[in-house]
Amino acid sequence: MADITITHTRAEGTLLEGSRKGDGVFELVRDHGFWFSRNVTGLYIRRSQDKEAQMWRIDGATAALRAAGHEVTVTIDEDTRRSFAEAEADREQRAEDRAERFSDRADRAASSSDARRAAADNISRRFEFGQPILVGHHSEGRARRDQERIHTNMRAMIAESERAGYWSDRTRAAENYKAHRIDPQRTLRRLDRLKADLRKQERAHANAVEKGWVSVGRHARLIQDLTEEIAHWEQLVEKAKADGVKLWGPDDFAPGDYALYAGSWYGVARVNPKTLSIAWNLRLAPKQVMSLEDATLNGRVSTHPADYTQVQGRCPGEAMDAFLADGKVPGKKSAREASEAAPADAIREAQAKAKAKMPKKRTDPKIPKRIKVECRWDATEATLTWLNGNSQPHKGHPPVTITAPDGVKFTESVWSESLLSQVTALLTGAGLTYAAGAWTGGPGRGIVRAIEPVPEAEPEAPAVDEQPTLEPPTKEPPAVDVAEAVDDGQVPADVPSEEPTEDTAGREQTASDLRFLSNHPVPHGESRVSHSVYPLNTKPHSERPDAMTDTTATAQVTEVTETAPAKAVVKKAPAKKVAIEPTKVSKRREVVAEKAAETRAELKSVQKTIPIDRIDRDPNQPREIFDQAKLEELAGSMRELGQLQPITVRYDAGTRRYTIIMGERRWRAAGMAGLTEMTALVLHGIEADSREILAMAVAENVGRADMTPMEEAKAFKRLEKGGYTIDEIGGVCGKSPAYVGWRMDLLRLCEPAQEAVAKGHLSLNLAWYASQLSCDNQLRFLAKYARGAFNSDRDAEAFVKAARIEEERRESQGSFFVLADEAPAKPGDVQESLPGAHDVLEEERERIIADRSKLTKKIDKLSTAGEILSELATADPEELTLLLAGVAGGVGAHQHRIEHLRSLTTKVIKNLRDAQAIAAVRAGAIEINPDAVAPVAPAEVDAS
65 MADITITHTR AEGTLLEGSR KGDGVFELVR DHGFWFSRNV TGLYIRRSQD
115 KEAQMWRIDG ATAALRAAGH EVTVTIDEDT RRSFAEAEAD REQRAEDRAE
165 RFSDRADRAA SSSDARRAAA DNISRRFEFG QPILVGHHSE GRARRDQERI
215 HTNMRAMIAE SERAGYWSDR TRAAENYKAH RIDPQRTLRR LDRLKADLRK
265 QERAHANAVE KGWVSVGRHA RLIQDLTEEI AHWEQLVEKA KADGVKLWGP
315 DDFAPGDYAL YAGSWYGVAR VNPKTLSIAW NLRLAPKQVM SLEDATLNGR
365 VSTHPADYTQ VQGRCPGEAM DAFLADGKVP GKKSAREASE AAPADAIREA
415 QAKAKAKMPK KRTDPKIPKR IKVECRWDAT EATLTWLNGN SQPHKGHPPV
465 TITAPDGVKF TESVWSESLL SQVTALLTGA GLTYAAGAWT GGPGRGIVRA
515 IEPVPEAEPE APAVDEQPTL EPPTKEPPAV DVAEAVDDGQ VPADVPSEEP
565 TEDTAGREQT ASDLRFLSNH PVPHGESRVS HSVYPLNTKP HSERPDAMTD
615 TTATAQVTEV TETAPAKAVV KKAPAKKVAI EPTKVSKRRE VVAEKAAETR
665 AELKSVQKTI PIDRIDRDPN QPREIFDQAK LEELAGSMRE LGQLQPITVR
715 YDAGTRRYTI IMGERRWRAA GMAGLTEMTA LVLHGIEADS REILAMAVAE
765 NVGRADMTPM EEAKAFKRLE KGGYTIDEIG GVCGKSPAYV GWRMDLLRLC
815 EPAQEAVAKG HLSLNLAWYA SQLSCDNQLR FLAKYARGAF NSDRDAEAFV
865 KAARIEEERR ESQGSFFVLA DEAPAKPGDV QESLPGAHDV LEEERERIIA
915 DRSKLTKKID KLSTAGEILS ELATADPEEL TLLLAGVAGG VGAHQHRIEH
965 LRSLTTKVIK NLRDAQAIAA VRAGAIEINP DAVAPVAPAE VDAS
């Protein structure tokens, strides 16, 4: 039997020493949480560092060991501890070690996956595509074995790929550990949780002291740990604030502001200590800007709590209204500027002053504030209870029993229409009505709704001295389609109008503000009667959607003041009829109609037959190259079938000849076919150099397969010189603006490069990148490309990108460089030197050398992976099947992991290709100092 020692300290955790492999101790204590590790001497309880001793585990393991005859010594030291900062630094270091370890595992799994896939592909190469198994043939057995080997390898590939993905995820999690821990927003949430735990431990400690429990020491130690951890994280938060990180809080917002939350702006309904209550309407989500009105239904605003740590910005309400009026949604920068101009504390102060000036609303306690309706399913009786402001039964109003009519049941419980109609009648009889809001609750516990007294209209004294007295109209005005009149830009004579009054002059009038009079008198007091141009809409004007309002139209509002029971009606004097400006839609129609009329007057098109010798080609034709073979094919077709589609030409009255606008290819083919006449659509009234002709010619040819990219680029450039913008060129030619700009960039190529593109010797992507270089470097790059200095177009593209970056870098330093015709030979390997080392600081040079050593050590580890891949590549698939059949995931998992490694290798190859291009550019570059005096050429001396 062994002498076992179990020790626990806060610094080291719980350790078990004195055990050897195979002595049976691990099997006894494994169920009590003990485990082993290559980094720890002996056994240990996982996650026991910096924590209280888990005595239930230690006691259980001790009992099991003693029962087996072992001598066990237990030592518990809760006072030996390390600071929280030391523990956190140790956790970060272990996270880095885990990231490196998991990365190696992911690489091995990906390599295995790629090897499995390669083995399957190697086997499948023996079979022609679609070759079936020849049953009965001597090759049937081998074919079936090969098929099974392919399946085995593919299953292993899938399993390995999944394993590689798993370890890659673990690697990313370990790499992001520190970033997540020190993130200020997450730290704030962590602090809230830690402070709550601290308060809980303080209460428990006080309770234990009061009752004399033995847990006093444990609570005191936990309070010490929490206090130290809180101080550490608070110090980190203060450092983030000093570094300029914005941490939002309740002092940064006021009701009515907008908060940027989850990528959208939400109106702020309330500002709480921990969260913001923001407008929330799932039916409209996602929406760039959601106001409080969007979340209001029946007078109630639906809200959602937004934690301050998840808020990304603030915009004052007035600033947001201004942005929306301009059709814009503010970004973080614009919102920050608006927030600085209108701070939240100033807005809260103004709101507090406005609230203080408002008279306090006093209600009569004798009047009920709510009603509650209770009813069972299919019942014949229901109960209506009057509630006071505290939602308790009102003492002055006893409950009312509502009985269903004979032969009727409240089949839908509290939602029965007959029941609700009787409730409405009771309220009306009591002089009450429903307040803003909706019913809450359900059939189980009843439904509740707020009520209020019916407001009484206050009569106003008629202003007799202001306007003369007129008799009320006796005839109803004829029906007028006001909307149609407004759309036509004029007002019918039957619609009276007046100048804006003092109340309406300060606001913008809209088309939906038009009103016309009604001759129906109002029997009680004074009433302002106004009818909308949308007579079927029962909603008031202020509640209509914005889509019904045309904000560009101007209208006048006519109001009639009638007082009962006086016989005379005081009316304002009729004002002059004002013509209403047309709406935006009618203006647009008029403009389009005028332009169409002008175009019809200027342009006249006639289709006629024209002798072919009176037709000339357009010298500005975008196409410069015509495929002779295709022209001969088209000429043969025209010989047999004639001309099937007319060409478009313009007539020049000065020369009495015709110039082709569209159809030069057909004109050339017709000449080759021997035709003497052609059918053409003749356009009159077009100038020779007009923008329309150029646009039509370009639109006709752009996009054809036989039009070269350089021809397209030159055609787009002509349109730009003709006054077209990039967006307009794209619309005319049916191309995106990005495509047009990309093609026009090719014109920056030097002549040899343009010729190479036109002949197809230089790909378009590579040509575009080359166009970013200076002309001299373009020529040198073409020379290298023509000599075959690059293994692929990707290598050439990386070289051009690196050359451009080097040009920009040299320009920023006040010099420029050109590529050498041949890269000069350097002693030693070029990769051993620092490209551009002459402008690298000494400190940066030392850092590069140190990081180079670390990187090369990691790359050297790839030799092990290479040996493994070579072994797998040369292994017998059947043997691999037997070896990996019992592994979790089978062969497919390993193959999947190798596939993952192959994807990573592809990315690494791209990075190395870019690095090689940068090294090659800098190694083959000649730096030129612009301050140096250039020697004068002999030709220049002679010329002077």
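Quick note: the sequence shown uses the numbering used here, first residue 65, plus one each step.
C-beta atoms are modelled at their ideal positions from N, C-alpha and C, and glycine is treated no differently.
Helix, strand or coil at residue i [DSSP, three-state]
i     : result
Q195  : coil
I966  : In the sequence on display, residue 966 carries Arg and not Ile. R966 falls in the helix class under three-state DSSP.
T538  : Its pLDDT being 41, under 50, T538 is placed unreliably by the model, and the measurement read from it follows with that caveat. T538: coil per DSSP, three-state reduction.
W441  : coil
F98   : strand
Y498  : strand
A887  : Any reading at A887 must be qualified, since the residue scores a pLDDT of 43, below 50, and its modelled position is unreliable; no value is offered.
D840  : helix
F474  : strand
A637  : Its pLDDT being 44, under 50, A637 is placed unreliably by the model, and the measurement read from it follows with that caveat. A637 falls in the coil class under three-state DSSP.
Y803  : helix
Q671  : strand
G589  : Residue confidence for G589 is low, a pLDDT of 37 falling below 50, so the modelled location carries little weight and cannot support an answer.
A744  : strand
A972  : The sequence shown places Val at residue 972, not Ala. V972 falls in the helix class under three-state DSSP.
A418  : helix
M354  : strand
C379  : strand
V821  : helix
E943  : helix
V796  : helix
H1010 : Nothing can be reported for residue 1010, as the shown portion of the chain is limited to 65 through 1008.
Identity of the residue in the options nearest residue i by Cα
i    : options                   : result
R245 : H296, E274 and K421       : H296
R189 : E204, I214, I287 and T920 : I214
R145 : F90, A75 and I711         : A75
R730 : W450, V713, T719 and T139 : V713
C814 : W99, S176 and Q842        : Q842
G281 : E116, R347, E445 and E239 : E116
T497 : V518, G508 and R162       : V518
R254 : E481, V301, A418 and P457 : V301
L491 : R434, V478, E520 and Y803 : R434
E481 : I515, Y325, V437 and R687 : V437
W479 : I287, G508, Q157 and K392 : G508
Inter-residue CB distance, residue i and residue j (contact presumed, cutoff 8 Å)
i    : j    : result
F148 : E292 : 5 Å
A184 : M221 : 7 Å
S366 : W344 : 5 Å
L965 : A174 : 2 Å
A937 : A182 : 6 Å
G88  : D67  : Rounded, the Cβ-Cβ distance is 15 Å, inconsistent with contact.
L340 : V332 : 5 Å
A408 : F474 : The pair is not a contact, with the Cβ atoms about 51 Å apart (cut-off 8 Å).
According to DSSP, residues forming a beta bridge with residue i
i    : result
G506 : G510
D371 : T339
D680 : T723
E224 : A957
P517 : L496
S328 : Y325
K436 : T449 and V512
D168 : Answer is none; D168 lacks a bridge partner.
R364 : L361
Quiz item: With contact counted as at least three CB pairs below 8 Å, one residue from each stretch, are the stretch 856 to 870 and the stretch 821 to 834 in contact?
Solution: Yes: the two stretches touch, three or more of their Cβ pairs being nearer than 8 Å.
Quiz prompt | Validate contact between the stretch 199 to 208 and the stretch 124 to 143 using beta carbons, cut 8 Å, 3 pairs | solution = Flag = no, the stretch 199 to 208 and the stretch 124 to 143 do not touch.
Quiz item: Do the stretch 466 to 486 and the stretch 422 to 435 make contact, defined as three or more Cβ pairs closer than 8 Å?
Solution: In short, these stretches do not touch, since the Cβ pair count stays below three.
Quiz item: For the stretch 714 to 722 against the stretch 796 to 811, are there 3 or more C-beta pairs whose distance is under 8 Å?
Solution: The stretch 796 to 811 and the stretch 714 to 722 do not touch, with fewer than three beta-carbon pairs separated by less than 8 Å.
Quiz item: Quick check: the stretch 396 to 410 against the stretch 436 to 456, are there 3 or more CB pairs under 8 Å?
Solution: Segments in contact, no.
Quiz prompt | Any 3 or more C-beta pairs closer than 8 Å across the stretch 478 to 491 and the stretch 453 to 460 | solution = Result no; under three Cβ-Cβ pairs closer than 8 Å.
Quiz item: Are at least three pairs of beta-carbons, each pair with one atom in the stretch 939 to 950 and one in the stretch 153 to 167, less than 8 Å apart?
Solution: No: fewer than three Cβ pairs fall under 8 Å.
Quiz item: Counting Cβ pairs, one atom from each stretch, are 3 or more of them under 8 Å apart for the stretch 90 to 101 and the stretch 124 to 131?
Solution: The stretch 90 to 101 is in contact with the stretch 124 to 131.
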